[in-house]
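Just below is one structure, and these are the notes that go with it.
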Amino acid sequence: AATKLASAEKLMYFCTDQLGLEQDFEQKQMPDGKLPVDGFLLCVDVSRGMNRNFDEQLKFVSNLYNQLAKTKKPVVVVLTKCDEGVERYIRDAHAFALGKKNLQVVETSARSNVNVELAFGTLVQLVDKSRGKAKIIPYFEALKQQSQQIAAAKDKYEWLVGRVVKSHHEAWPDVSRKMRTAPEYQEYVYLEGTQKAKKLFLQHVQRLKREHIERRRRAYLALLPQALDALVPDLDEIDRLSRAKAEKLLEAKPDFLKWFVVLEETPWDATSHVDDADSERIPFDLLETPAGEQLYEAHLEKLRDERKRAEVRRAFRENLESSPFVTPGKPWEEARSFIMNEEFYLWLDESVYVDIYGKHQKQLIDRAKEDFQELLLEYSELFYELELDAKPSKEKMGVIQEVLGEEQRFKALQKLQAERDALVLKHVHFVYHPTKETCPSCAACVDARVEQLLGSRFARPAERHRREPAADADRINLVILGKDGLARELANEIRALCTSDDKYVIEGKMYELALRPIEGNVRLPVNAFHTPTFQPHGCLCLYNSKESLSYVVESVEKSRESAAGRRDGHAAQLPLTLVLVNKRGGGDAGGETLQSLIQQGQQIAGKLQCVFLDPASAGIGYGRNINEKQIGQVLKGLLDAKRGLNPAPGAAPGPRDAADGAELRVAACLMCGDPVSADEVLLPILQAQPCRPAPGGGAAVL
């Protein structure tokens with residue numbers, strides 16, 4: 001209770017830890033060895049102590065207070081260890097203070113750093129009356145405020161650590177030195193101390209390391225299915241193996257080291273391998289982890305499912321082939337109920353079955369068309385009575401259908417009547433024009449193959465170095481201009497001469513033929529010569545009267561005006577062919593004669609600067625449409641125009657000129673197919689196309 005202390009050259013002590021370790025703390029001596037005492041903090045331990053009676057302690061405190069009161073110095077009672085305080089002790093201490101005049105009590109906890117500054121501040125205010133009176137806050141309220149302050153400071157400090165520390169390799173000395181001047185660091189260290197700040201740093205580093213390891217783990221697990229697919233794609237190889245044997249099998253694979261790495265130390269995430277950024281290979285011990293085992297089992301299940309789906313596909317195809325309800329041209333909606341069962345729906349989506357069904361239908365239709373073509377060949381006498389270049393009338397088509405109607409090969413195409421009728425029309429053309437262009441075998445025609453083979457074996461020297469045509473050289477876009485159904489009728493006749501995929505054979509080569517029949521006002525977009533998807537290479541202009549000729553002239557001029565307005569110049573350069581067609585009956589018709597129509601056509605052709613075709617020049621009778629020969633000439637002219645060629649009048653070079661202009665003729669016996677005279681070049685074709693018996697035991701035909 002002394003108010004004047006003297007201790008020469010003695011150090012001031014701050015805590016008990018300083019005893020014996022003075023060199024580790026701040027060295028500060030008492031001023032002049034003397035220290036006046038301005039006030040007292042009377043500390044009372046309110047925790048439950050061992051072998052200690054609180055009543056006796058409070059009696060000792062009361063006696064001590066009586067001594068302090070004699071000094072006339074201010075006194076503040078400080079209740080310590082309130083974080084472990086006993087409620088009765090605290091209540092008794094407050095009762096003791098109430099019995100004294102102006103004796104203030106502050107509840108503190110040094111461990112939690114609650115109200116420690118308040119205790120000293122209260123005493124300072126009592127010493128220096130000029131200072132404002134401190135507000136004394138109960139322990140639990142102060143603890144709540146303290147916790148909130150620490151939580152806010154902790155959040156700020158953790159934000160600072162997250163911004164500064166980006167790698168789990170960072171060390172505390174370097175990081176603390178970087179953060180020393182940051183207010184977030186200073187506030188948290190002031191409230192909680194350096195050790196807790198370091199602890200939060202270490203927790204952050206450990207979290208960074210775990211996140212790094214987890215990223216590597218996810219990358220390895222994402223790569224593992226690819227490795228298993230590459231090394232063990234066959235189910236039979238691993239289906240019955242134990243895990244240990246499966247791992248031995250993997251290690252024996254030639255590409256094992258491309259996908260995996262075997263580490264000397266395990267587990268991989270506890271070794272330096274986690275920081276090996278250059279290695280993307282999978283640690284082999286990852287297979288033994290639960291995630292690795294799960295992916296291995298998933299690989300097995302995937303292989304089993306793939307095998308099952310393949311079996312289901314095969315069973316579905318077999319079901320299609322054996323089902324009597326699947327016929328050529330039958331839609332999927334009609335056949336589905338007859339060929340599907342519950343197991344099919346369990347394993348594959350319906351779209352897969354639709355795709356398989358579509359491919360099967362194509363095979364059925366192609367086979368049915370081949371069989372129907374054979375049927376037409378067997379009944380060729382039905383077509384001998386037709387007039388040359390004429391289409392069968394409805395009555396004649398009825399007779400043909402009546403004769404062939406009982407044949408199964410005819411019935412097979414009952415859902416494809418349009419295609420069946422088209423095959424009949426093509427067969428008519430073949431009967432009267434048995435050429436490679438009209439051959440039912442299309443590109444497989446022996447004549448066409450002979451020409452192609454001869455052309456490739458005996459190409460002229462000048463042609464060997466000729467530049468290959470552009471990709472669009474194999475396509476012909478043709479506008480057919482006519483009035484009152486002329487354009488549509490001719491377009492249908494040309495399509496009948498094409499193959500099933502709209503291709504036309506010219507000089508032994510297949511060309512894609514796109515037709516655009518126009519019969520209306522060409523100023524309308526729907527009737528325009530040019531569209532974004534159709535750029536014509538030529539135009540076939542048809543007329544059979546003065547009115548239809550006027551329509552042609554007007555349409556061509558309008559189209560050229562539109563092209564001039566667009567400044568593209570396409571229509572002005574478009575090759576035109578004017579054709580007189582289909583004038584039914586002879587002599588005068590409305591004051592128009594054949595001769596007058598021809599003369600008018602020639603005049604218009606001169607005006608439009610285009611080619612003019614008339615029935616007399618083609619060598620056919622009046623009353624016929626443009627024939628196949630004329631169509632071939634027109635398309636050949638368009639091809640020459642595309643290539644920039646101008647053949648001399650009367651010249652008709654073709655594949656038969658392959659051997660330096662010498663014409664090669666090949667004959668074969670209609671009975672056995674043996675060649676009568678053939679160059680050795682033809683032998684591969686003759687061997688690849690052996691003669692076969694005609695249906696019904698007839699003569700063999702090559």
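Residue 1 is where the sequence shown starts when you use full-length UniProt numbering, and the numbers rise one by one after that.
For each residue, glycine too, the CB sits at the ideal point set by N, CA and C.
Since this is a predicted model, take the numbers as computed values, not measurements.
Check                                                                                                                        : Outcome
Reference ASP24; option with closest CA among ALA6, PRO183 and THR16                                                         : THR16
Delimiting residues of the alpha helix (DSSP H) encompassing ASP421                                                          : 417 to 432
Same chain, Cβ closer than 8 Å to VAL261, five either side skipped, listed in chain order                                    : HIS273, SER279, ARG281, ILE282, PRO283 and PHE284
CA nearest to the CA of LEU287, picked from ALA244, MET397, LEU638 and LEU594                                                : ALA244
Beta-carbon gap between HIS429 and ALA496 smaller than 8 Å                                                                   : yes
Assumed close pair LEU5, LEU35 - CB separation to whole angstroms, cut-off 8 Å                                               : 4 Å
Environment of PRO525 [buried if 16+ CB atoms lie within 10 Å]                                                               : exposed
Opening and closing residue of the beta strand (DSSP E) in which LEU578 lies                                                 : 576 to 580
Other residues of its chain near ALA651: CB distance less than 8 Å, five sequence neighbours each side excluded              : With a pLDDT of only 35 at ALA651, under 50, the local geometry of the prediction cannot be trusted, and the value read off the model is given with reservation. Once the five neighbours on either side are set aside, ALA651 has no close Cβ partner at all.
Meets three-Cβ-pair contact criterion under 8 Å: the segment 116 to 129 and the segment 84 to 92                             : no
Residue range of the unbroken beta strand (DSSP E) whose run includes ALA6                                                   : 4 to 6
C-alpha distance - ARG377 paired with PRO392, whole-angstrom precision                                                       : Here the sequence assigns Leu to residue 377, which means Arg is not the residue at that position. So the alpha carbons of these two residues sit roughly 17 Å apart.
Pick from VAL326, ALA219 and SER167 that is closest to LYS362, judged by C-alpha positions                                   : VAL326
Check whether ALA151 and GLN67 have beta carbons under 8 Å apart                                                             : no
Beta-carbon separation (whole angstroms), ASN477 vs PRO440, contact threshold 8 Å                                            : 26 Å between Cβ atoms; not a contact.
Length of the line joining the Cα atoms of SER596 and ARG457                                                                 : 51 Å
Distance between LEU425 and ASP447 (C-alpha atoms, nearest Å)                                                                : 21 Å
Beta-bridge pairing of GLU107 - partner residues as DSSP gives them                                                          : LEU79
CB of VAL611 within 8 Å of CB of LEU540, strictly                                                                            : no
Contacting residues, own chain, Cβ-Cβ under 8 Å from ALA142 (five flanking each side not counted)                            : GLU107, VAL114, ASN115 and LEU118
Rounded straight-line distance, which links the Cα of GLY99 to that of LYS154                                                : 42 Å
LEU224 and LEU295 closer than 8 Å at C-beta                                                                                  : yes
Length-filtered (3 minimum) beta strand (DSSP E) runs lying within the segment 214 to 238                                    : none
Anticipated Cβ contact below 8 Å, TYR357 with LEU413, distance rounded                                                       : Actually they do not touch by this definition, with Cβ atoms about 18 Å apart.
Proximity to HIS427 [Cα-Cα], best of LEU454, LEU453, LEU375 and GLY398                                                       : LEU375
At least three beta-carbon pairs within less than 8 Å, the segment 240 to 256 to the segment 185 to 196                      : no
Cutoff 8 Å; reference GLN373; Cβ partners in own chain excluding five residues on either side                                : LEU423, HIS427 and PRO440
Separation of VAL354 from SER242, as counted between CA atoms                                                                : 40 Å
Unbroken alpha helix (DSSP H) run spanning ILE631, endpoints                                                                 : 628 to 643
Every unbroken beta strand (DSSP E) within the segment 99 to 185, with a cutoff of 3 residues, ordered by chain              : 104 to 107
Beta-carbon contacts of LEU303 that lie in its chain and below 7 Å, excluding the five residues immediately before and after : LEU235
Assigned exposure category for LEU13 - 16 Cβ within 10 Å defines buried                                                      : Here the sequence assigns Tyr to residue 13, which means Leu is not the residue at that position. Exposed.
Among TYR384, THR194 and ALA270, nearest to ARG217 - alpha-carbon criterion                                                  : ALA270
Check whether LYS436 and GLY508 have beta carbons under 8 Å apart                                                            : yes
C-beta contact flag for GLY482 and SER545 at 8 Å                                                                             : no
DSSP-derived helix/strand/coil call for SER47                                                                                : strand
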